[in-house]
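One structure is given here, and the rest of the page talks about it.
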Amino acid sequence: MSVSTIIEIFQDILDVKKGTVSLKTTSSDIDQWDSLATVNIIAALEEEFGIKFKLEDIQTVKTVQDFVELVQAHKK
Amino acid sequence: MLEVLEYPFDVIKILRKKKVLKRHLIKKESLINIKIAVLGATTTFEVVEQLELFLLKAGFKPTFYACDYGQHYNVVMFNDEALLNFKPDIVYLHVSPESIDELNKSNIVSKEKAEIELNKMQKVWEKLNTNFNCSVIQDNFEMPVVRSLGNFSLTSTTGSFQTITLLNQMIAQEANKLSYLNIIDRFYLSSKMGLDSWKDYSLWLSSKYSLSYKAITHLSYTISKIINSLLGKSKKCLVLDLDNTLWGGIIGDVGKEGIDLGRDTSIGQAYLDFHLYIKELKDRGIILAVCSKNEFDTAKSGFDHPDSVLKFEDFASFKANWDPKSKNIHEIANEINIGLDSLVFIDDNPVERDIVRKEFGSLVSVPEIGDDVVYYRAILDGADLFTTTSLSSEDMKRNEYYKSNQKREQFLSTFKNYDEYLKSLKMKAEIAPYKNIYLSRISQLINKTNQFNLTTKRMSLQEVEKAMVEKNKISFYARLIDKFDDNGLVSLIQGTILGSEVEIDLWLMSCRVFKRTLEHSLLYSFLQEAKNRNIKTVRGRYVPTKKNHIVSNLYKEMGFLFVGEKEGSQIFEIDLKKYSIPNNPNIIIEEL
Numbered sequence: 674m675s676v677s678t679i680i681e682i683f684q685d686i687l688d689v690k691k692g693t694v695s696l697k698t699t700s701s702d703i704d705q706w707d708s709l710a711t712v713n714i715i716a717a718l719e720e721e722f723g724i725k726f727k728l729e730d731i732q733t734v735k736t737v738q739d740f741v742e743l744v745q746a747h748k749k
Numbered sequence: 009m010l011e012v013l014e015y016p017f018d019v020i021k022i023l024r025k026k027k028v029l030k031r032h033l034i035k036k037e038s039l040i041n042i043k044i045a046v047l048g049a050t051t052t053f054e055v056v057e058q059l060e061l062f063l064l065k066a067g068f069k070p071t072f073y074a075c076d077y078g079q080h081y082n083v084v085m086f087n088d089e090a091l092l093n094f095k096p097d098i099v100y101l102h103v104s105p106e107s108i109d110e111l112n113k114s115n116i117v118s119k120e121k122a123e124i125e126l127n128k129m130q131k132v133w134e135k136l137n138t139n140f141n142c143s144v145i146q147d148n149f150e151m152p153v154v155r156s157l158g159n160f161s162l163t164s165t166t167g168s169f170q171t172i173t174l175l176n177q178m179i180a181q182e183a184n185k186l187s188y189l190n191i192i193d194r195f196y197l198s199s200k201m202g203l204d205s206w207k208d209y210s211l212w213l214s215s216k217y218s219l220s221y222k223a224i225t226h227l228s229y230t231i232s233k234i235i236n237s238l239l240g241k242s243k244k245c246l247v248l249d250l251d252n253t254l255w256g257g258i259i260g261d262v263g264k265e266g267i268d269l270g271r272d273t274s275i276g277q278a279y280l281d282f283h284l285y286i287k288e289l290k291d292r293g294i295i296l297a298v299c300s301k302n303e304f305d306t307a308k309s310g311f312d313h314p315d316s317v318l319k320f321e322d323f324a325s326f327k328a329n330w331d332p333k334s335k336n337i338h339e340i341a342n343e344i345n346i347g348l349d350s351l352v353f354i355d356d357n358p359v360e361r362d363i364v365r366k367e368f369g370s371l372v373s374v375p376e377i378g379d380d381v382v383y384y385r386a387i388l389d390g391a392d393l394f395t396t397t398s399l400s401s402e403d404m405k406r407n408e409y410y411k412s413n414q415k416r417e418q419f420l421s422t423f424k425n426y427d428e429y430l431k432s433l434k435m436k437a438e439i440a441p442y443k444n445i446y447l448s449r450i451s452q453l454i455n456k457t458n459q460f461n462l463t464t465k466r467m468s469l470q471e472v473e474k475a476m477v478e479k480n481k482i483s484f485y486a487r488l489i490d491k492f493d494d495n496g497l498v499s500l501i502q503g504t505i506l507g508s509e510v511e512i513d514l515w516l517m518s519c520r521v522f523k524r525t526l527e528h529s530l531l532y533s534f535l536q537e538a539k540n541r542n543i544k545t546v547r548g549r550y551v552p553t554k555k556n557h558i559v560s561n562l563y564k565e566m567g568f569l570f571v572g573e574k575e576g577s578q579i580f581e582i583d584l585k586k587y588s589i590p591n592n593p594n595i596i597i598e599e600l
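So the sequences go chain by chain: A and B. Position one of the first sequence corresponds to residue 674 (this note's numbering), numbered consecutively onward. Position one of the second sequence corresponds to residue 9 (this note's numbering), numbered consecutively onward.
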């Protein structure tokens, strides 16, 4: 698991240029990042890393960093 | 990049790269516009996004109307204005077990639950058909994942098993009755994937999706295939490699006796099963061809193997030589007289697959079947390239037609001139107004014919039905029989009368009867009918496309005068008062 892969996934799905997404980015920073995009991101992360997030965890994530930590917690 | 959209799909790439894929696909030339209303009992956002990709890849440019989830009945029954103004060509109803209100009530028997649900659906279908005269596509139902009755849910008369089974049967029967209704077999798709993968409960809780993302990909693909079929873009011909595709081993090295085929070995059994599957495709009307790097006689001898289900005669075209496969594929398409976009190419060699993809782009389908015979059949089947929404008896006979064409060609070579040949064919045609029994064949011809087609006007089955009863229409079909074969219903002409004029808005003929002068007979019958109805002027239009060059001079050849161009069409006219309708000496017109 690499942080850069996760950032790439965000960039692909939100359809933004490289460098737009950082660990600090939240949904309010990018117009296209609505609730449906979040669902899409979660599905892509789950498929990519072969994991399944807990519903309550998904509801508390805000920043890209939060997603990274969530993936890391599952990969342990 | 686009191969991620080929079955069995790269779901993660699709999820990530949707936006890039769309930007890439939308650049394609001559995409066909199509309006689709997606009415969901549950969330449809992702279904629309993925369906759009599959349709773009197939050559369509869809625009969508989508209602809020759960509003699927209301927007139809209470005439939602946006939907009315949208005027969809196709409506897709996205339903699921979650949308069946009474599914888990224990005080109603299953049969009644199914009837209540069916009744609701019937009203929606009818209303859609009246309002829009469009095709309707609807899901049937997968089994619910949880069953409080456990295994007993199977036998319980109020249980979900019986409710879903009955409902699915009823829907299938309705689809048989209603020509405009087409069912997506979610029940099969979910069984194939397994319910645990098909559903994603947390996605349901968070976003009201009735399916997992992976399932959405498979479902959207199937919807796109149905739409392909409705618009006549399904594949027609399977082009097969031989060595390590239809049998194990290189026949040039090991000879007919040495190839692996038949029940004696497990690998041989797999090739045999693949033969049987291909034979089934042939029996339902898919044309077969061989494209192999081999000596012709050696290749042919493989089909004399005692365990070979497929025989040399099963192939409408047989190319075994050392030319590049792309050249042979061009020749196969020419010989059978179908478009390259009707072909599916099967080869175990990834290099050959790649060359064919590069040469033909997305025209020729090249499933990623790999090089292990164990998976050939499943991958070809899953790719669902020959989807149909109805099987006409013409489909079942198609291979025979092409075989008879070969006989005719051999016969032709024995004649001094073409006229003599035409006379010797002893052709008879039946030309008559459209009849109900031919409806499915008529609509199939309208939606599939590309070459001999003056206007390439497409019509749904319902539109044909409507045109049949309208008094201001003249519509004739032609069936053709010759000494070799009954060619079936092969040509259509349709005109709309306005005052003392009639405009031919559709005129087409199947490629299997090109150059038989049937077009003369059909036009003469049409002109005679126009004369009988006191029509003075007959107007024809030629709308040029990439594929219909063959008829670019037809109106001139038939004695029409070119009167000008209008919106990309060439307009031709004939003055019936000054025109005496000739007789075609080559074809006898009678009731067959």
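All residues carry an ideal CB built from backbone N, CA and C; glycine is no exception. As the structure is a prediction and not an experimental result, all values here were calculated from the model.
Going by DSSP in three states, residue i sits in which element: helix, strand or coil?
i: B/LYS185; result: helix
i: B/LYS474; result: helix
i: B/GLU598; result: coil
i: B/ASP5; result: An answer regarding residue 5 of chain B cannot be provided, because it is not within the stretch 9 to 600 covered by chain B.
i: B/PHE149; result: coil
i: B/MET435; result: strand
i: B/LEU602; result: With chain B represented from 9 up to 600, any question about residue 602 of chain B goes unanswered, as that position is not in the structure.
i: B/LYS287; result: helix
i: B/ARG292; result: coil
i: B/ASN82; result: helix
i: B/GLN578; result: strand
i: B/HIS557; result: helix
i: B/PHE394; result: coil
i: B/LYS69; result: strand
i: A/HIS747; result: helix
i: B/ARG466; result: coil
So, using beta-carbon positions, are residue i and residue j closer together than 8 Å?
i: B/LYS481; j: B/GLY503; result: yes
i: B/THR166; j: B/VAL117; result: yes
i: B/ASP490; j: B/LEU433; result: yes
i: B/ILE354; j: B/ASN302; result: no
i: B/GLN457; j: B/LEU516; result: At residue 457 of chain B the sequence reads Thr, which differs from the Gln that was named. Yes. Within cutoff.
i: B/VAL359; j: B/ILE337; result: no
i: B/PHE568; j: B/GLN578; result: no
i: B/ASN357; j: B/GLN459; result: no
i: A/LYS748; j: A/ILE724; result: yes
i: B/ALA122; j: B/LEU174; result: yes
i: B/VAL19; j: B/SER228; result: no
i: B/ILE8; j: B/ALA437; result: Because chain B here runs from 9 to 600, residue 8 of chain B falls outside it and cannot be looked at.
i: B/GLU581; j: B/ARG549; result: no
i: A/ASP728; j: B/LEU213; result: The sequence given here places Leu at residue 728 of chain A; Asp does not occur at that position. Yes; because the gap between Cβ atoms is below 8 Å, this pair is in contact.
i: B/ASN215; j: B/LYS207; result: A small correction: the amino acid at residue 215 of chain B is Ser; Asn does not occupy that position in the sequence shown. Result no, Cβ atoms of B/SER215 and B/LYS207 do not sit closer than 8 Å.
i: B/GLY270; j: B/ASP331; result: no
i: B/TYR279; j: B/ASP268; result: yes
i: B/GLY256; j: B/GLY240; result: no
i: B/ASN425; j: B/HIS528; result: no
i: B/VAL551; j: B/GLY576; result: yes
By the criterion of Cβ-Cβ separation under 7 Å, what are the contact partners of residue i in chain B?
i: A/ILE682; result: ARG24
i: A/ALA717; result: ILE20, LEU23, ARG24
i: A/LEU728; result: SER210, LEU213, SER214
i: A/ASP688; result: LYS27
i: A/ILE731; result: SER214
If the cut is a Cβ gap below 7 Å, which residues of chain A does residue i touch?
i: B/PHE53; result: LEU709
Please list, in chain order, the chain B residues whose beta carbon lies closer than 8 Å to that of residue i.
i: A/VAL741; result: Here the premise fails: no neighbours, minimum Cβ distance about 16 Å.
i: A/VAL676; result: Per Cβ cutoff of 8 Å: no residues; A/VAL676 is ~16 Å from chain B at best.
Along chain B, which residues have their Cβ under 9 Å away from the Cβ of residue i?
i: A/VAL734; result: In chain order: nothing, as chain B lies at least about 12 Å away.
i: A/VAL744; result: Result: empty, since nearest Cβ-Cβ is about 14 Å, beyond 9 Å.
Original post:
Unbroken beta strand (DSSP E) runs of length 3 or more, entirely within the segment 209-272 of chain B: which are they?
Top reply: Here the runs fully enclosed are 245-248.
Original post:
Taking Cβ-Cβ distances below 8 Å as the criterion, which residues of the segment 699-710 of chain A are in contact with chain B?
Top reply: Legend: CB atoms of the segment 699-710 of chain A lying less than 8 Å from CB atoms of chain B belong to residues SER708, LEU709.
Original post:
If you measure beta-carbon to beta-carbon, which residues of the segment 221-247 of chain B are closer than 7 Å to chain A?
Top reply: If the cut-off is 7 Å between Cβ atoms, the segment 221-247 of chain B has TYR221 near chain A.
Original post:
Can you list the beta strand (DSSP E) stretches of 3 or more residues lying completely in the segment 481-543 of chain B, in chain order?
Top reply: Those beta strand (DSSP E) runs which fall completely within the segment 481-543 of chain B and span 3+ residues are 481-489, 494-506, 509-517.
**OP:** Select from the segment 22-47 of chain B all residues with a C-beta closer than 8 Å to any C-beta belonging to chain A, and list them in chain order.
**Re:** Within the segment 22-47 of chain B, the qualifying residues are LEU23, ARG24, LYS25, LYS26, LYS27, VAL28.
**OP:** Would you mind listing the alpha helix (DSSP H) stretches within the segment 12-64 of chain B that are 4+ residues and don't spill past its ends, in chain order?
**Re:** Entirely contained in the segment 12-64 of chain B, the alpha helix (DSSP H) runs reaching 4 residues are, in chain order, 19-33.
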